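In terms of my numbering, the sequence shown is residues 27 to 534.
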Amino acid sequence: MGSDQLLEVKCLDSLEKVFPDEKPREQQERITVLWGETASFQVGYKFHSDGYYLGKVVVETELPYRIRKVSHVPVNYPSPRDRDVNYLRTTSGLYPDLLEDISEGEIILVRDQWHSIWIDLEINNKVTKGNYLVRVFIYDETEKLLGQTSTNVEIIAAELPELSIKHTEWFYADCLADYYNVEVFSAEHWMIIEEFMKAATQRKCNTILTPIFTPPLDTYIPGERTTVQLVKVIVRSGKYFFRFEDLEKWVNLAHQCGFEFFEISHLFTQWGIKAAPKIMADVDGTYKRIFGWDTPATGGIYEDFLKAFLPELTKELKRLGIAENCYFHISDEPGEHMLHDYMKAKEVVAPYLEGFHMLDALSEYSFYEDGLVEVPACAIDRMEPFLEKKVPNLWGYYCCAQGKKVSNRFMAMPSYRNRILGIQIYLHELKGFLHWGYNFYNSILSRRHIDPYRVTDCDFAMPSGDSFLVYPGKDKNPKNRFVLWYYMKRCQIYVQCICLKHWQIVKQ
Numbered sequence: 027m028g029s030d031q032l033l034e035v036k037c038l039d040s041l042e043k044v045f046p047d048e049k050p051r052e053q054q055e056r057i058t059v060l061w062g063e064t065a066s067f068q069v070g071y072k073f074h075s076d077g078y079y080l081g082k083v084v085v086e087t088e089l090p091y092r093i094r095k096v097s098h099v100p101v102n103y104p105s106p107r108d109r110d111v112n113y114l115r116t117t118s119g120l121y122p123d124l125l126e127d128i129s130e131g132e133i134i135l136v137r138d139q140w141h142s143i144w145i146d147l148e149i150n151n152k153v154t155k156g157n158y159l160v161r162v163f164i165y166d167e168t169e170k171l172l173g174q175t176s177t178n179v180e181i182i183a184a185e186l187p188e189l190s191i192k193h194t195e196w197f198y199a200d201c202l203a204d205y206y207n208v209e210v211f212s213a214e215h216w217m218i219i220e221e222f223m224k225a226a227t228q229r230k231c232n233t234i235l236t237p238i239f240t241p242p243l244d245t246y247i248p249g250e251r252t253t254v255q256l257v258k259v260i261v262r263s264g265k266y267f268f269r270f271e272d273l274e275k276w277v278n279l280a281h282q283c284g285f286e287f288f289e290i291s292h293l294f295t296q297w298g299i300k301a302a303p304k305i306m307a308d309v310d311g312t313y314k315r316i317f318g319w320d321t322p323a324t325g326g327i328y329e330d331f332l333k334a335f336l337p338e339l340t341k342e343l344k345r346l347g348i349a350e351n352c353y354f355h356i357s358d359e360p361g362e363h364m365l366h367d368y369m370k371a372k373e374v375v376a377p378y379l380e381g382f383h384m385l386d387a388l389s390e391y392s393f394y395e396d397g398l399v400e401v402p403a404c405a406i407d408r409m410e411p412f413l414e415k416k417v418p419n420l421w422g423y424y425c426c427a428q429g430k431k432v433s434n435r436f437m438a439m440p441s442y443r444n445r446i447l448g449i450q451i452y453l454h455e456l457k458g459f460l461h462w463g464y465n466f467y468n469s470i471l472s473r474r475h476i477d478p479y480r481v482t483d484c485d486f487a488m489p490s491g492d493s494f495l496v497y498p499g500k501d502k503n504p505k506n507r508f509v510l511w512y513y514m515k516r517c518q519i520y521v522q523c524i525c526l527k528h529w530q531i532v533k534q
């Protein structure tokens, strides 16, 4: 940089994380992209002048593009204590994570800090194959050119085929109602749900957690999460009746947004299979809770309820035409000491779920070996027994506990630790990937609601980056509302899983 140059500019790889106090290392000189892919890169810049200045970003290219700025968010819990050395940082501070739309390319130029612009190139099959130049200019308020950079893009005229791999990021309708302070399943809530659904399918999610009852997940005893119950329960003189209008609306909306598969929310509580989920009902004209933490999982009134409910639910799923694409859950992450309780719960529901897929996140091979779980989703650091036995329906997952020598998406990790997941799925022939946090805007065990722009770690409980993939936008405009975490933008399990297998197709 010359002595008179006010702005230092460089083109960066999408995997680079630009911290304010550290010069970026990667230099992006060339991008290869197929039809149907979104290629992304960054422009890093550092201003060398006092005062407050506005700048303007201008992109020149023949390709369709979108510009956003990468904003920094507070990280108080960057990594678990039991970790490897492959973290960018392990101290609290501001980390690059949030993508925000910028009006007319306007940015603020901050003295002696590195910042970055995120540029997406959304390539469809109407774009002619070949090489393209993308040039980026940054001007000041007087339209004086401060700096520029460029990258070359090669468009390959080939499209990757569809995959059968399932991908779910657990979707929490209650967190959306809580954050936006709207009535559950009001017209406004449904509109918000739709926009979040669209954002998920755009990032290659094809499976959605469906709250027939409020999911019994991440809730302290005897706490409750906001009720989001798609099935209306009516009790008259001790007899159960069910209405499925909201469930039908959810299924139709999910299909419109691009979802193909449905996870039915867990029928028993998490980490123990001890109780029933919270279920609300109209009991002889009074709306109240009829089951919850005080209801034993098996051997009592909840078992009688399931005997009445499950035949009606499965009949409705068949009527909606999604029975073959549904996955039922018993309980999330049961330990080996819970094997007997899990077996009892499975015995209760099995007669009514014949022919349906049974899926649960677990790490103990004995659950699969004993025939209790048809589709095990195993933690990626506990997979060896499943891989050795060549389990045919194996899924994978990671969460806050997988912080050492495995893939994950913590903000403190280099981005390639997330991107490599697709290759691992391909190599181990996994049938799906599950993660618990698409939009979890609560503290640990849902003790309180949080602002995800200020609290990124569930109140110091989980490494930042674990509990949500999308930030809730301030307005209801789908173009401005979702500022997606860029890991998800670059993860693209859909593409990565088959890039090796179909490389010869690509090269032709």
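Where is the CB? At the ideal position from N, CA and C, for every residue including glycine.
Model, not experiment: these values are computed from the prediction.
Simplified DSSP state of residue i, which is helix, strand or coil
| i | result |
| --- | --- |
| Cys484 | coil |
| Asn207 | coil |
| Trp511 | Reliability of the predicted coordinates at Trp511 is poor, the pLDDT of 36 falling under 50, and the value obtained from them is presented with this limitation in mind. In this structure, Trp511 counts as coil in the three-state DSSP scheme. |
| Arg545 | Coverage of the chain is limited to positions 27 through 534, which leaves residue 545 absent and any answer about it impossible. |
| Lys505 | Because the pLDDT of Lys505 is 33, which lies under 50, any placement of that residue in the model is unreliable, and the number read from its coordinates should be weighed accordingly. Reduced to three states, the DSSP call for Lys505 is helix. |
| Gly119 | strand |
| Tyr313 | strand |
| Asp235 | A quick correction: the sequence has Leu, not Asp, at residue 235. Note: Leu235 maps to strand in three-state DSSP. |
| Cys37 | strand |
| Val85 | strand |
| Ile290 | strand |
| Leu202 | helix |
| Gln428 | coil |
| Glu329 | helix |
| Glu414 | helix |
| Tyr452 | helix |
Which residues DSSP lists as bridging residue i, in chain order
| i | result |
| --- | --- |
| Thr253 | Beta-bridge pairing links Thr253 to no other residue. |
| Gln31 | Gln31 is not bridged to any residue. |
| Asn465 | Phe494 |
| Asp407 | Answer is none; Asp407 lacks a bridge partner. |
| Gly298 | Gly298 pairs with nothing; no bridge assigned. |
| Pro100 | Leu120 |
| Arg94 | Asp127 and Trp144 |
| Phe459 | His193 and Gly422 |
| Ile260 | Phe267 and Asp308 |
| Ile247 | The partner list for Ile247 (beta bridge, DSSP) is empty, contrary to what the question assumes. |
| Leu135 | Tyr79 |
| Val401 | Leu385 |
| Pro322 | Ala301 |
Residue range of the unbroken beta strand (DSSP E) whose run includes residue i
| i | result |
| --- | --- |
| Met306 | Ile305 to Val309 |
| Val160 | Gly156 to Asp166 |
| Lys275 | From DSSP, Lys275 is part of no beta strand (DSSP E) but of the alpha helix (DSSP H) over Glu271 to Cys283. |
| Phe73 | Thr64 to Phe73 |
| Phe393 | Looking at the DSSP string, Phe393 is not in any beta strand (DSSP E); the run it does join, the alpha helix (DSSP H), is Tyr391 to Glu395. |
| Leu471 | Unbroken run through Leu471: none, as it is neither H nor E. |
| Arg56 | Arg56 to Leu60 |
Residue i: CB within 7 Å of a non-hydrogen atom of the ligand FAD
| i | result |
| --- | --- |
| Gly491 | The ligand FAD is absent from the structure shown, which contains no ligand whatsoever. |
Residue span of the alpha helix (DSSP H) that contains residue i, given as start and end
| i | result |
| --- | --- |
| Glu221 | Ala213 to Gln228 |
| Leu147 | Careful: Leu147 lies outside any alpha helix (DSSP H), inside the beta strand (DSSP E) at Trp140 to Glu148. |
| Asn178 | Element bounds for Asn178: not the alpha helix (DSSP H) but the beta strand (DSSP E), Leu171 to Ile182. |
Any chain B beta carbon closer than 8 Å to residue i
| i | result |
| --- | --- |
| Ala349 | The structure shown has no chain B; it contains just one protein chain. |
> Is the region 158–169 touching the region 70–83, taking contact as three or more C-beta pairs under 8 Å?
Replying inline: yes
> Would you say the region 209–229 touches the region 441–461, given that touching needs at least three Cβ pairs under 8 Å?
Replying inline: no
> Where in the region 334–389 do unbroken runs of the beta strand (DSSP E), each at least 3 residues long, occur, reported from the N-terminal end onward?
Replying inline: 352–354 and 383–388
>> Across the region 389–397 and the region 347–366, are there enough close Cβ pairs to call them in contact, namely three or more that are closer than 8 Å?
In response: yes
> Looking at C-beta atoms only, is the number of pairs between the region 316–331 and the region 406–425 that lie closer than 8 Å three or more?
Replying inline: no
> Do the region 483–494 and the region 421–441 touch if we need at least three Cβ pairs shorter than 8 Å?
Replying inline: yes
> Is it a yes or a no for the region 249–256 touching the region 191–209, going by three-plus beta-carbon pairs under 8 Å?
Replying inline: yes
> With a cut-off of 8 Å, do at least 3 Cβ pairs link the region 127–134 to the region 103–113?
Replying inline: no
> Are three or more beta carbon pairs between the region 369–388 and the region 301–315 nearer than 8 Å?
Replying inline: no
> If you pair each beta-carbon of the region 142–154 with each one of the region 107–118, do three or more pairs fall below 8 Å?
Replying inline: no
>> Does the region 271–287 come into contact with the region 228–246, if we say contact requires no fewer than three beta-carbon pairs (one atom in each stretch) closer than 8 Å?
In response: yes
> Are at least three pairs of beta-carbons, each pair with one atom in the region 173–184 and one in the region 44–57, less than 8 Å apart?
Replying inline: yes
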